[in-house]
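Just so you know, the protein sequences line up as chains G and X, in that order.
Under the working numbering, the first residue of the first sequence is numbered 1214, with each subsequent residue one higher.
Under the working numbering, the first residue of the second sequence is numbered 70, with each subsequent residue one higher.
A short worksheet on the structure shown next.
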Amino acid sequence: MTGQRTVAIVLLAAALVAPWFAYPVFLMTALCFALFACAFNLLLGYVGLMSFGHAMFFGIAGYFYGHVVKAWNMPPELGLLAGVVGAAILGVATGALAIRRQGIYFAMITLAFAQMIYFFCVQAPFTGGEDGLQGIARKPLLGGLIPTKDDRVLYYVVLAIFLFGYGAIYRFIHSPFGQVLKAIRDNEQRAVSLGYEADRYKLLAFVLSAALAGLAGATKAMVLQFATLTDVSAAMSGEVVLMALVGGLGTIIGPVVGAFIIITMQNYLASFGEFVLVIQGTIFVVIVMAFRKGLVGELADWWKSRRLTG
Amino acid sequence: MFELLGIPPQALFGQLLLGLINGAFYAMLSLGLAVIFGMLNVINFTHGAQYMLGAFAAWLMLTELNIPFWAALVLSPLAVALFGILLEKVMLKRIYHLDHLYGFLLTFGLALIIEGLFQWRWGSSGAPYPSPIPGGTNLGFMFLPTYRGFVVVAALVICLVTWYGIERTKFGAYLRAATENPTLVRAFGINVPRLITLTYGLGVGLAALAGVLAAPIQQVSALMGTNLVLVVFAVVVIGGMGSIMGSIVTGFGLGLVEGLTKVFYPPASNTVIFVVMAIVLLVKPAGLFGQTK
């Protein structure tokens, strides 16, 4: 436990000084994806539901943010709120239907709904179709108190948003509610026979995950000042699965590590074009075949076995 | 000519034919998915990529080796099925004991690799494949290109043959028995692992066959199967994977629904299948032909 605390303090300190050593926009993008991956992992790692359509929440929230801030000329806080609420409502609608099936069907259903949202975004008037929403101005936060034109200032805002989301997930998992979710994941029938309404728990977890994915998507739109079809595409849904898988499913820090690895990789491999897909596919295959616990999971195992033998 | 609800019959029947053709591909692909899932407990995400491989193999055979369409119709699915068997032997076989999700993720990764490689080598713009039966007939109410008519009939025959093979032959009986209870079937001296490998080859071959049939209608491109496989997933959810005939009926039916939507409300044509899926989930969560497990 003390080991974990030390790691957490070191990571937090690193996060605080990071913008003086790395490009802030890169860090902010990575933090948004980290939150997105954590939201996805809340569902897979702790409820055992694999959503293969999480990009719909991430992407639609970006559009909502852009529309509220650009077309309606409202403050960014309302944009973020619109993103979160919009994603949560979409989560209620799709989640209520998706949880009617389990396992692999759940993955296919979420994937299909995400595809439906994708086609909707291609045609809907407020998304800008193929062009997306461009040039969403960065406006100061809290009525002018926080000037967000400076990347480093905005970085701390994004870090705060990330920590809020991460903290929410942590609280959620370690609450009695989270215990019930784990019970449902491990044996749904037993949980039902103990009197828990499994479907309501699953739906609430789904909506929470959707809302947090929405928070990540809206924040990303605030940072990068655009929202495009890429963020609602099936490829994005696959990418977030990859992030969680690389880091380690069911570990709370794993998705963060995975997101940083994948975003860094994309930064360096951008010039490879289509080959990025091949590399991502290869990582999927290698992890499923050989390292199913992901980086954090494997490291934790190694640490444990070292302590036992040493 | 007369008009139906303000829609010229040319447009109506033209879209219905297009819907029937799309339905034929949905049926063949969901059939393969269902057969594979029954035996391997794996949802084969690579299905769209293997459909693309079928079309690409036929195109390469034509342009590089001058092998005509009719020979490619046999050779290409065989080649892709062999590739599938290789995948099964090397990778899929090792993950059957794990949760279904891992099979999904593994085949998703494989699809990314295959499609990425083809996109890298041949780009994402499509290459045309000349129609093997040019020309058509004027039926009075519409013009029917001969090849398109052929595709609908061929797909129907292929689907029915597959149904017959699985439901009415001895090999099919082994297959169904091994799906129910592999251990018992092994005790009777039947090589179940080989049966599983063959099943995967069969499902993949069906996808490739659909790809070859699609080549002269659509452009042959690296990403031709990417969106299709997502629609086919919805088709599978709607039909339920319990019955072979169910997959066929659902596939063709949804193609027609999509065609009709194109006539009456075009903006919804991309999403209508997903809407149908939502309604089916509300009314009959196990799918139209599925059994609740």
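Glycine is no exception: its CB is placed at the ideal position from the N, C-alpha and C atoms.
Legend entry - G/A1447 - DSSP class collapsed to helix/strand/coil: Within the first sequence, numbered from 1, the residue matching residue 1447 of chain G stands at position 234. Here G/A1447 sits in helix by DSSP.
Inset, instruction - Would you please verify whether the beta carbon of G/R1313 is less than 8 Å from any beta carbon of chain X? - result: Position 100 of the first sequence holds residue 1313 of chain G. Chain X, which has a Cβ nearer than 8 Å to the Cβ of G/R1313, makes this yes.
Legend entry - X/V332 at chain G interface by Cβ criterion, 8 Å: Position 263 of the second sequence, counting from 1, holds the residue named residue 332 of chain X. Not closer than 8 Å to any Cβ of chain G, the Cβ of X/V332 fails to qualify, so no.
Inset, instruction - Using a threshold of 8 Å, state whether the C-beta atoms of X/S99 and X/V226 are closer than that. - result: As a working note, residue 99 of chain X is residue 30 in the second sequence. As a working note, residue 226 of chain X is residue 157 in the second sequence. No, they are not a contact pair.
Inset, instruction - Leaving out five residues on either side along the sequence, give the residues of the same chain with a beta carbon under 7 Å from the beta carbon of X/S145. - result: The count along the second sequence starts at 1 and reaches residue 145 of chain X at position 76. Closer than 7 Å at Cβ, skipping near neighbours: G123, A126, A127, M130, A277 and V281.
Inset, instruction - Return the chain-ordered list of same chain residues with a C-beta closer than 6 Å to the C-beta of G/V1282, the five sequence neighbours on each side being excluded. - result: For this step, residue 1282 of chain G is matched to residue 69 along the first sequence. Excluding sequence neighbours, G/V1282 sits near P1289, G1292 and I1349.
Inset, instruction - Can you give me the Cβ contacts of X/Q84 inside the same chain, cut-off strictly under 6 Å, excluding the 5 residues immediately before and after it? - result: If you number the second sequence from 1, residue 84 of chain X lands on position 15. Answer for X/Q84: G328, K331 and V332, listed in chain order.
Inset, instruction - For X/A355, name the three-state secondary structure that DSSP assigns. - result: The residue given as residue 355 of chain X occupies position 286 in the second sequence. Here X/A355 sits in coil by DSSP.
Inset, instruction - Step through the CB atoms of chain G and report whether any lies within less than 8 Å of the CB of X/H116. - result: Taking the second sequence and counting its residues from 1, the one referred to as residue 116 of chain X is at position 47. No, X/H116 does not count as interfacial toward chain G.
Legend entry - Residues within the stretch 183-204 of chain X neighbouring chain G, beta-carbon criterion of under 7 Å: E184, G185, L186, Q188 and W189
Inset, instruction - Taking only beta-carbon positions, decide if G/Y1318 is within less than 8 Å of chain X. - result: The residue you call residue 1318 of chain G lines up with position 105 of the first sequence. Yes, its Cβ sits closer than 8 Å to a Cβ of chain X.
Legend entry - Members of the stretch 1447-1473 of chain G that neighbour chain X once the beta carbon cut-off is set at 8 Å: A1447, G1451, V1454 and L1458
Legend entry - Residue-chain proximity (X/V305, chain G), Cβ-Cβ < 8 Å: Here residue 305 of chain X corresponds to residue number 236 of the second sequence, with the count starting at 1. By this cut-off, X/V305 is an interface position.
Inset, instruction - Give the secondary structure of G/L1508 by DSSP, where H, G and I count as helix, E and B as strand, and everything else as coil. - result: In the first sequence, residue 1508 of chain G corresponds to position 295, counting from 1. It is helical.
Legend entry - chain G contact residues for X/N339, given Cβ-Cβ distances below 7 Å: As a position in the second sequence, residue 339 of chain X is number 270, starting the count at 1. Per Cβ cutoff of 7 Å: F1332.
Inset, instruction - Determine, using beta carbons only, whether G/G1507 and G/G1451 come nearer to each other than 8 Å. - result: Start at 1 with the first residue of the first sequence, and residue 1507 of chain G comes out as number 294. Start at 1 with the first residue of the first sequence, and residue 1451 of chain G comes out as number 238. Taking 8 Å as the Cβ cut-off, G/G1507 and G/G1451 do not qualify as a contacting pair.
Legend entry - Beta-bridge pairing of G/L1539 - partner residues as DSSP gives them: Nothing can be reported for residue 1539 of chain G: it is not among the residues displayed for chain G, which extend from 1214 to 1523.
Inset, instruction - With DSSP as the reference, please indicate the residues paired to X/L213 in a beta bridge. - result: By 1-based counting over the second sequence, the position of residue 213 of chain X is 144. Bridge partners of X/L213: X/T206.
Legend entry - Segment limits, alpha helix (DSSP H) that includes X/E187: As a working mapping, residue 187 of chain X is identified with position 118 in the second sequence. The residue you asked about is not Glu; residue 187 of chain X is Phe in the sequence shown. Note, X/F187: alpha helix (DSSP H), H169 to W191.
Legend entry - Pairwise C-alpha distance: X/M310 and G/M1435: Walking along the first sequence from the start, residue 1435 of chain G turns up at place 222. Walking along the second sequence from the start, residue 310 of chain X turns up at place 241. Straight-line Cα distance between these residues: approximately 43 Å.
Legend entry - Delimiting residues of the alpha helix (DSSP H) encompassing G/A1320: In the first sequence, the residue the question calls residue 1320 of chain G occupies position 107. Here the alpha helix (DSSP H) through G/A1320 covers G1316 to Q1336.
Inset, instruction - Let me know the secondary structure DSSP gives X/I307 once reduced to three states. - result: As a first step, residue 307 of chain X is located in the second sequence; it is residue number 238 there, counting from the start. Residue state, collapsed to three classes: helix.
Inset, instruction - Identify every residue that forms a DSSP beta bridge with G/L1346. - result: Locating residue 1346 of chain G in the first sequence gives position 133, where the first residue counts as 1. Per DSSP, G/A1440.
Legend entry - Residue range of the unbroken alpha helix (DSSP H) whose run includes X/K158: Taking the second sequence and counting its residues from 1, one reaches residue 158 of chain X at position 89. Start and end: F138 to V159.
Legend entry - Option nearest G/M1287 by Cα separation, candidates G/L1310, G/G1357 and G/A1231: For this step, residue 1287 of chain G is matched to residue 74 along the first sequence. Cα-wise, what sits closest to G/M1287 is G/G1357.
Inset, instruction - Taking a Cβ distance cut-off of 7 Å, strictly less, list which residues of the stretch 1248-1270 of chain G are near chain X, in chain order. - result: M1263
Legend entry - Local Cβ density within 10 Å of X/V345, reported as buried at 16 or more and exposed below that: Translated into positions along the second sequence, residue 345 of chain X becomes position 276. Answer is buried; the Cβ neighbour count reaches 16.
Legend entry - Cβ-based burial, X/Y198 [other Cβ within 10 Å; buried from 16]: Locating residue 198 of chain X in the second sequence gives position 129, where the first residue counts as 1. So X/Y198 counts as buried.
Inset, instruction - Could you name the residues of chain G that X/R217 contacts, counting a contact when the two beta carbons are closer than 7 Å? - result: Along the second sequence, one-based indexing puts residue 217 of chain X at 148. Those within 7 Å of X/R217 in chain G number zero; the least Cβ separation is about 25 Å.
Inset, instruction - Tell whether a beta-carbon distance below 8 Å holds between X/A93 and X/A224. - result: For the purposes of this step, residue 93 of chain X is identified with residue 24 of the second sequence, where counting begins at 1. For the purposes of this step, residue 224 of chain X is identified with residue 155 of the second sequence, where counting begins at 1. Going by C-beta atoms, X/A93 is nearer than 8 Å to X/A224.
Inset, instruction - With a threshold of 16 other CB atoms inside 10 Å of the CB of X/M70, please say whether the residue is buried or exposed. - result: By 1-based counting over the second sequence, the position of residue 70 of chain X is 1. Residue confidence is low: X/M70 scores 47 on pLDDT, short of 50, so the model does not pin down where it sits. No coordinate-derived value is stated.
Inset, instruction - Return the first residue and the last residue of the alpha helix (DSSP H) that G/F1239 is part of. - result: Within the first sequence, the letter at position 26 stands for residue 1239 of chain G. Element bounds for G/F1239: P1237 to V1260.
Inset, instruction - Step through the CB atoms of chain X and report whether any lies within less than 8 Å of the CB of G/M1321. - result: To locate residue 1321 of chain G, count along the first sequence from 1; it is residue 108. Answer yes: the Cβ-Cβ gap between G/M1321 and chain X drops below 8 Å somewhere.
Legend entry - Assigned exposure category for G/R1520 - 16 Cβ within 10 Å defines buried: Position 307 of the first sequence, counted from the start, is the residue given in the question as residue 1520 of chain G. Flag for G/R1520 reads exposed.
Legend entry - Short-range partners of chain X found in the stretch 1474-1489 of chain G, where Cβ spacing is below 9 Å: F1485, G1486, E1487, F1488 and V1489
Legend entry - Listed by chain order, chain X residues near G/L1310 by CB distance under 8 Å: Here the question's residue 1310 of chain G lines up with position 97 in the first sequence. Per Cβ cutoff of 8 Å: A347, L350 and L351.
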